[in-house]
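Down below is the structure, laid out as structure tokens.
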Amino acid sequence: MKKLIYTLAFFATLFLSCEKALDEPAQGVVSGDDLNTPENIDKMVIAAYSALGNDHYTSPYSSMWPYGSVRGGDTYKGGDGPGDLSEFHLFETFSLNRPDNGLIDQVWFRLYVGVGRANDALRRVDAMSATDYPNKVQRQGELRFLRGHFYFLLKILFKYVPFIDQNTPKADYPTISNRALSNDVLWTKIADDFRAAVAALPVDQADKGRVNKNAAKAYLAKVLLYQAYTQSENNAVTGIDASKLNEVNALCDEIIASGKFSLSTDFANNFLAAFDNSPESVFAIQYSKDDGTTKGRLDYGHALNYPMNQEYGCCGFNVPSHDLINAFKTGNNGLPLFSTYNNNDAAASLDFQSSSFDPRLDHTVARPGAPFKYKSTFLFQRSWSRAPAIYDAFASMKEAVLPDDPSFQKVPPFIGSSKNWEIIRYSDVLLWKAEALIELGRPLEAVPLINQVRNRANLSRNLLKTAAGSPTSNYNVQTYQPGVNCDWTADFAKQALRFERRLEFATEG
């Protein structure tokens, strides 16, 4: 009996010890309540910012090149042929979406991770008092902006999406239909996020990369411009909401009048790391290297888009199309050839001297025999192309950096860089205002806005030279002069605006 009592006492002590051990807090885990401090909430806001650049090379969303440039015809998918990332080939050939296209699910998931991070941080910020958290209003504005950005991308990709905010119970997530809100109401919800951001954000931020009031105004203008074109269920434009266009015009006026922004003196500056956060940058994703992480916070959304030469080695995607290259042609009057640009392909080296072009061609497209990324001794070769027999021998340059650039980082077999990627530039703002004015029946007022962009293009030739100092191509671009070199009708103005946007933002998604 005595032995039994000792045995029971031993096991009781053992179980108490185990229970005490099991009650120890888990290492490396922070409870939800522990996060509700100003310091930790600020870290959660930064985590929401980091989601801007958390895309993957097979499901990019920092740049929308597979869904915009490839589907729109500015670029070919590229890579090693139709079977290499065949999901993107379906975009290129306008095939019906298939349930086994896993890359669409990936981008949906990643964008909702961004929404989730913004919502989680917003719940905690909302619960804090302004006394305990002096940055409360500003951080609310930043998070509403970020959530609006992720929802904007979801909206333009999928049209109908479940709208979940910081007050939606998590238990309800699985039951919220993507058809719970109409097309127009979804746009209004997204616009409301940016309206809240405009109201809450300061004009200037101490930290580079944090969004500000003018960035929120610009994004709101972008959303309203999309919403202004009312659509049928089959996506046909059924009307234009003049009240929204008037608001777009007013918002753009406020941004212009702020004096905070200007066009860079050279178009090239928008695509060189040395000019990150320039006066033309309204909202950009900030990348980094040598930041304490193994490889840095690099731009992986473009990791597949470099040439195949030994300095890079992967992977030949996002190849500029003949249609795009031809679109840069100009006539004797220095204006685009709206209806005849595609009459013959510019492909051989002599074609770029016998015809005239907008200089933005050689900021955008790499071609055999021409300098790659402004380095006159680093000439693009046909052998740098991965599948020239299928996609021809061109490459997209805006997203690329030179291998000796400080922002360059090889992550074999892929390429990354810490160069910013612009989401909204000042040229966007000018052309949004021009579009609103044209659609409001005020096309003549759009002329000086479009001409600002064209004049900058004309002046952007300094880096476009061969080793001998001669121009890379034959350039001739002029501004629109109604009654002199064009008949500026409403229809002509719409063509001019759309062509200008194509040339200015080609291959960017």
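Going letter by letter, the sequence shown gives residues 24 to 532 in the working numbering. Idealized CB from N, CA, C, for every residue including glycine.
Give the secondary structure of residue i by DSSP, where H, G and I count as helix, E and B as strand, and everything else as coil.
i	result
C275	helix
K318	coil
I187	coil
F111	helix
Q504	coil
R524	helix
E334	coil
E531	coil
G76	helix
K312	coil
C192	Residue identity check: residue 192 is Pro in the sequence provided, not Cys. Residue state, collapsed to three classes: coil.
Q518	helix
A44	Note on A44: pLDDT 46, under 50, position unreliable in the model; no value is reported.
E445	strand
S287	coil
K182	coil
S82	strand
K231	coil
Can you tell me the Cα-Cα spacing of residue i and residue j, whole angstroms?
i	j	result
R320	S441	7 Å
A259	G464	21 Å
S205	V184	10 Å
Q129	P192	24 Å
A44	T60	A caution first: A44 carries a pLDDT of 46, below 50, which makes its placement in the model too unreliable to give a value.
F435	Y135	Inspection of the sequence shows that residue 435 is occupied by Pro rather than by Phe. P435 and Y135: Cα-Cα distance of roughly 29 Å.
F168	T400	43 Å
M87	F132	15 Å
V388	L286	21 Å
A144	R390	46 Å
T530	A459	24 Å
D155	G315	31 Å
T363	N481	22 Å
A513	R202	37 Å
V138	T502	42 Å
L177	E277	28 Å
Y96	A238	A small correction: the amino acid at residue 96 is Gly; Tyr does not occupy that position in the sequence shown. Each residue's alpha carbon lies about 29 Å from the other.
D299	K283	15 Å
K488	G392	12 Å
Q254	A280	32 Å
D149	K517	44 Å
L486	Y397	6 Å
G357	A273	31 Å
S408	R218	45 Å
D65	V160	13 Å
F375	A369	7 Å
Which first and last residues belong to the alpha helix (DSSP H) in which residue i is found?
i	result
F306	Per DSSP, F306 belongs to no alpha helix (DSSP H); it is in the beta strand (DSSP E), 304-308.
Y242	236-251
V470	470-482
I199	Element bounds for I199: n/a, residue is neither H nor E.
N341	That residue, N341, is in no alpha helix (DSSP H); its beta strand (DSSP E) goes 340-343.
V68	61-73
D451	449-462
Along the beta strand (DSSP E) that carries residue i, what are the first and last residues, could you check?
i	result
N206	It is not in any beta strand (DSSP E) - N206 instead sits in the alpha helix (DSSP H) that spans 206-223.
V260	260-263
Since residue i and residue j should fall inside the 8 Å C-beta cutoff, what is the C-beta to C-beta distance between them, to a whole number of angstroms?
i	j	result
L209	F175	10 Å between Cβ atoms; not a contact.
S406	N499	Not really, about 31 Å apart at Cβ, beyond 8 Å.
S85	G324	4 Å
F11	I447	With the chain running from 24 to 532 in the structure shown, residue 11 is simply not present.
L384	S496	6 Å
L108	T81	7 Å
G101	V342	4 Å
A296	P429	7 Å
E523	L454	6 Å
E422	N328	6 Å
Report whether the distance from the Cβ of residue i to the nearest heavy atom of the ligand MN is below 6 Å.
i	result
T316	Because no ligand of any kind appears in the structure shown, any question about the ligand MN cannot be addressed here.
Q: Give, in chain order, every unbroken run of the beta strand (DSSP E) that is at least 3 residues long and sits entirely within the region 364-443.
A: With a minimum length of 3 residues, the continuous beta strand (DSSP E) runs that stay inside the region 364-443 are 398-402, 431-434, 437-440.
Q. What runs of the alpha helix (DSSP H), each 4 residues or longer, lie entirely inside the region 90-173?
A. Taking 4 residues as the minimum length, the alpha helix (DSSP H) runs contained wholly in the region 90-173 are 109-115, 125-150, in order along the chain.
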